[in-house]
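S.K.:
Residue numbers (the working numbering), protein chains in the order written: chain A, 9 to 121; chain B, 9 to 121; chain C, 9 to 121; chain D, 9 to 121; chain E, 9 to 121; chain F, 9 to 121.
What follows is the structure, encoded as structure tokens:
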């Protein structure tokens with residue numbers, strides 16, 4: 009049964025909001041870190057979000073894949089760029105990255121349509 | 009869709025029973041290790057279970073979060089203690105720990121009610 | 009609620025096919041690697057697939073457990089061999105491996121019946 | 009040959025300074041996160057640093073062990089508390105945590121003397 | 009004491025040659041995978057090597073950092089691009105990524121000079 | 009500079025002894041787990057130690073590689089069996105496993121001579 013990536017994305021967002029309310033200082037600082045780390049710079053935001061997807065695949069985190077695939081799409085990432093990001097993750101993670109990489113492709117297809 | 013942490017907890021328990029039956033020597037030794045590692049001592053059991061929750065978040069293991077959040081609650085952990093445990097896990101794990109940390113907070117809220 | 013390992017296995021297969029279509033060069037090379045790594049040799053294929061199950065447990069990858077437990081079963085792995093593989097994974101992974109190891113035993117039982 | 013934990017600690021500090029200079033926005037935000045996550049609260053700073061040690065053992069990070077063992081010592085952690093923290097990490101990480109846990113004990117002994 | 013990244017890089021290369029000789033089929037297939045995954049395409053080779061550095065930091069692999077930092081440098085990666093790659097890895101990995109990220113910056117500085 | 013695996017092995021042993029003295033209950037229980045998990049059974053001890061090597065490569069733990077490569081050698085593992093174990097680890101771990109797998113081959117060669 010295919011995963012519902014829009015549901016995963018929504019759940020991550022809602023849970024994150026609850027955590028931010030419970031731990032405002034830490035989560036505000038983390039938001040600042042995330043903002044600084046993904047801002048356009050020598051590397052553009054789209055590419056940084058694709059990097060985050062590659063890491064998410066290699067560490068096997070569904071919620072992270074949903075969040076960063078969505079951010080990459082919003083920043084303009086094409087399907088071909090997502091596919092090449094996944095291939096890089098397979099080089100760096102072997103078989104498990106084929107499993108989570110295939111998930112990431114499915115996430116891209118669902119979240120970009 | 010919110011995860012059902014009581015169901016996850018029940019499933020972990022039932023599966024663990026099946027494994028203990030199949031591999032009695034190894035699992036009896038592991039139970040001894042778990043008992044020794046979480047006994048009250050210089051650090052109390054409650055704090056040790058919170059440590060286990062922090063590790064579970066950082067290594068991204070839902071079943072572990074369910075089990076150790078439940079044990080922490082039974083040992084008297086407050087919501088504030090769980091929240092601070094999660095914040096520590098975010099420092100040590102970054103973005104993925106926000107995802108699994110938010111899950112741990114949800115687990116706390118469901119399993120303590 | 010018990011996981012449906014046949015469904016997980018089917019999903020991994022279908023997603024993998026989609027990824028292979030999208031990234032044919034990388035995935036063909038990975039298939040070559042997987043073929044070379046699991047071929048009968050000084051160690052037989054059955055044992056290699058059990059090794060892959062042990063790794064899958066230790067790195068906490070459900071889809072990998074489904075795929076390699078299935079391959080081990082097809083190569084003739086007995087339940088006792090699976091149980092001893094899980095025990096080894098518990099030595100190498102502690103508590104989290106009891107969670108994913110119990111999952112692997114369930115996967116064996118469902119996929120071999 | 010025993011590791012020189014004071015040297016590891018010094019190196020982590022010096023490298024971190026170089027990184028903070030190169031990436032000031034991200035590293036300032038991370039420092040804010042670390043400060044919020046380890047402040048005295050419902051759980052005291054000493055315990056939080058021991059939690060960070062437990063995580064560092066389970067994820068196998070020498071530099072992290074050096075840094076957080078040192079912080080725990082400065083916050084007043086006793087050797088017995090460190091030992092119990094390591095035992096908890098062994099429950100949660102199995103054999104690899106015995107290797108890195110034994111390292112953490114050595115770090116404690118060197119850095120507290 | 010600062011790590012000697014040129015020495016680490018040389019060692020990785022020499023060891024890899026020995027492994028390729030011992031396991032020619034698997035390693036030739038892996039080389040094919042690596043080649044396909046890092047080829048210029050929708051994403052250029054330089055960016056792909058930086059992605060590999062980000063992953064290497066998050067999974068805490070010194071040898072991988074040496075190899076991919078060197079490949080990124082050869083593909084034209086600037087220090088600013090390396091710094092932003094490290095910041096992204098800190099977002100995705102927290103404290104441990106500050107340790108290995110600072111290592112990666114040191115690797116860049118040594119290997120590019 | 010090649011690693012000195014006999015030194016790594018000796019250090020792991022010595023540190024482990026110190027940890028066992030400090031945390032006797034937990035470490036005695038862990039020893040029982042390790043004994044049960046690696047005993048001859050449906051799978052022989054040699055193969056179980058090779059499984060432990062494969063896991064050690066995939067999780068990137070030098071001390072674990074030293075310990076389990078040594079145990080595998082003592083149980084009669086051939087170089088060809090070690091090489092095939094490494095190839096399996098490369099399938100399951102990608103590039104990082106080529107780094108640690110090449111280390112494991114070096115460990116085998118040093119510790120078996």
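Here a beta-carbon is modelled for each residue, glycine too, at the ideal position from N, C-alpha and C.
Small disclaimer: the values here were computed from a predicted structure and weren't measured.
Cutting at 6 Å between CB atoms, please list the residues of its own chain near residue 79 of chain E, excluding the five before and the five after it.
M.R.: Closer than 6 Å at the Cβ level, and outside the excluded window around residue 79 of chain E, lie 57.
S.K.: With DSSP collapsed to three states, give me the class of residue 59 of chain E.
M.R.: Of the three classes helix, strand and coil, the one that applies to residue 59 of chain E here is helix, per DSSP.
S.K.: Once the 5 residues before and after residue 53 of chain D are set aside, which same chain residues still bring their CB inside 7 Å of it?
M.R.: Cβ neighbours of residue 53 of chain D beyond the five flanking positions: 46, 47, 83.
S.K.: Would you check if the segment 67-77 of chain D and the segment 14-34 of chain D touch, i.e. whether three or more CB-CB distances between them fall below 8 Å?
M.R.: Yes: the two stretches touch, three or more of their Cβ pairs being nearer than 8 Å.
S.K.: Could you tell me whether any Cβ in chain F is nearer than 9 Å to the Cβ of residue 111 of chain D?
M.R.: By this cut-off, residue 111 of chain D is an interface position.
S.K.: So what's residue 51 of chain E in DSSP terms, helix, strand or just coil?
M.R.: Residue state, collapsed to three classes: coil.
S.K.: Measure from the alpha carbon of residue 107 of chain D to the alpha carbon of each residue in D/81, D/51, D/29, D/70, then state which is nearest.
M.R.: Per the Cα distances, D/70.
S.K.: Does the separation of the CB atoms of residue 109 of chain D and residue 99 of chain C fall below 9 Å?
M.R.: Result no, Cβ atoms of residue 109 of chain D and residue 99 of chain C do not sit closer than 9 Å.
S.K.: Could you give the first and the last residue of the continuous alpha helix (DSSP H) run that contains residue 9 of chain C?
M.R.: From DSSP, residue 9 of chain C is part of no alpha helix (DSSP H); its letter is neither H nor E.
S.K.: Of all the options F/68, F/97, F/23, which has the alpha carbon lying nearest to the alpha carbon of residue 27 of chain E?
M.R.: It is F/97.
S.K.: Pop quiz: residue 62 of chain F and residue 86 of chain F are said to be a contact at Cβ under 8 Å. What is the actual Cβ separation, rounded to whole angstroms?
M.R.: Their Cβ separation, rounded to whole angstroms, is 15 Å, which puts residue 62 of chain F and residue 86 of chain F out of contact at 8 Å.
S.K.: Relative to the alpha-carbon of residue 89 of chain A, which residue among E/38, E/51, E/29, E/105 has its alpha-carbon at the smallest distance?
M.R.: Nearest C-alpha to residue 89 of chain A: E/51.
S.K.: Looking only at C-alpha atoms, which of B/44, B/31, B/34 sits nearest to residue 135 of chain F?
M.R.: Since the first and last residues shown for chain F are 9 and 121, residue 135 of chain F lies out of range.
S.K.: At a cut-off of 8 Å, would you count residue 88 of chain C as near the ligand COA, judging by its Cβ distance to the nearest heavy atom?
M.R.: Of ligands this structure carries none, so the ligand COA is not represented either.
S.K.: Who are the neighbours of residue 42 of chain E on chain A, taking C-beta pairs under 8 Å?
M.R.: Per Cβ cutoff of 8 Å: 99.
S.K.: Note the first and the last residue of the continuous alpha helix (DSSP H) segment covering residue 81 of chain F.
M.R.: It spans 70-82 - the alpha helix (DSSP H) in which residue 81 of chain F sits, taken as one unbroken run.
S.K.: Any beta-carbon of chain C closer than 9 Å to the one on residue 31 of chain E?
M.R.: Yes, its Cβ sits closer than 9 Å to a Cβ of chain C.
S.K.: If residue 13 of chain B sits next to residue 115 of chain B, beta carbons under 8 Å apart, how far is it from one beta carbon to the other, in whole angstroms?
M.R.: So it is a contact: roughly 4 Å between Cβ atoms.
S.K.: Consider the Cβ of residue 94 of chain B: report whether some Cβ of chain A lies at a distance smaller than 9 Å.
M.R.: Chain A, which has a Cβ nearer than 9 Å to the Cβ of residue 94 of chain B, makes this yes.
S.K.: Do you know how far the Cα of residue 24 of chain F is from the Cα of residue 117 of chain D?
M.R.: Between residue 117 of chain D and residue 24 of chain F, the C-alpha separation is close to 14 Å.
S.K.: By a C-beta neighbour count over all protein chains shown, 10 Å radius and 16 as the cutoff for buried, is residue 64 of chain F buried or exposed?
M.R.: Result: buried.
S.K.: Compile a chain-ordered list of the residues in the segment 37-61 of chain B whose CB is closer than 7 Å to at least one CB of chain F.
M.R.: For the segment 37-61 of chain B, which is checked against every Cβ of chain F, the residues closer than 7 Å are 37, 38, 40, 41, 44, 45.
S.K.: For residue 66 of chain A, which of F/105, F/41, F/60 has the nearest alpha-carbon?
M.R.: The shortest C-alpha separation from residue 66 of chain A is found at F/105.
S.K.: Exposed or buried, what is residue 10 of chain C when buried is set at 16 or more other beta-carbons lying within 10 Å of its beta-carbon?
M.R.: Under this definition residue 10 of chain C is an exposed residue.
S.K.: Compare the C-beta of residue 81 of chain E with all C-beta atoms of chain G and state if any pair is closer than 9 Å.
M.R.: No chain G appears in this structure, whose protein chains are A, B, C, D, E and F.
S.K.: Alpha carbon to alpha carbon, what distance is there between residue 59 of chain D and residue 35 of chain F?
M.R.: Near 20 Å, if we compare the C-alpha coordinates of residue 59 of chain D and residue 35 of chain F.
S.K.: Pick from A/30, A/113, A/81: whose alpha carbon is nearest that of residue 120 of chain A?
M.R.: Checking every option, the nearest Cα to that of residue 120 of chain A belongs to A/81.
S.K.: Cβ of residue 37 of chain C within 9 Å of Cβ of residue 38 of chain E?
M.R.: Yes. Within cutoff.
S.K.: Are there 16 or more other CB atoms within 10 angstroms of the CB of residue 22 of chain F, so buried, or fewer, so exposed?
M.R.: Residue 22 of chain F is exposed by the Cβ-count criterion.
S.K.: In whole angstroms, what separates the C-alpha of residue 112 of chain B from that of residue 31 of chain E?
M.R.: Each residue's Cα considered, the two are about 43 Å apart.
S.K.: Residue range of the alpha helix (DSSP H) that residue 105 of chain E falls in?
M.R.: Element bounds for residue 105 of chain E: 103-119.
S.K.: Please report the residue range of the alpha helix (DSSP H) in which residue 86 of chain D lies.
M.R.: Residue 86 of chain D -> no alpha helix (DSSP H), and no H or E assigned at all.
S.K.: So what's residue 31 of chain C in DSSP terms, helix, strand or just coil?
M.R.: Residue 31 of chain C falls in the coil class under three-state DSSP.
S.K.: Starting from residue 117 of chain F, find everything on chain D with Cβ-Cβ shorter than 7 Å and list it in chain order.
M.R.: Under the 7 Å cutoff, chain D gives no residues; its nearest Cβ is about 20 Å from residue 117 of chain F.
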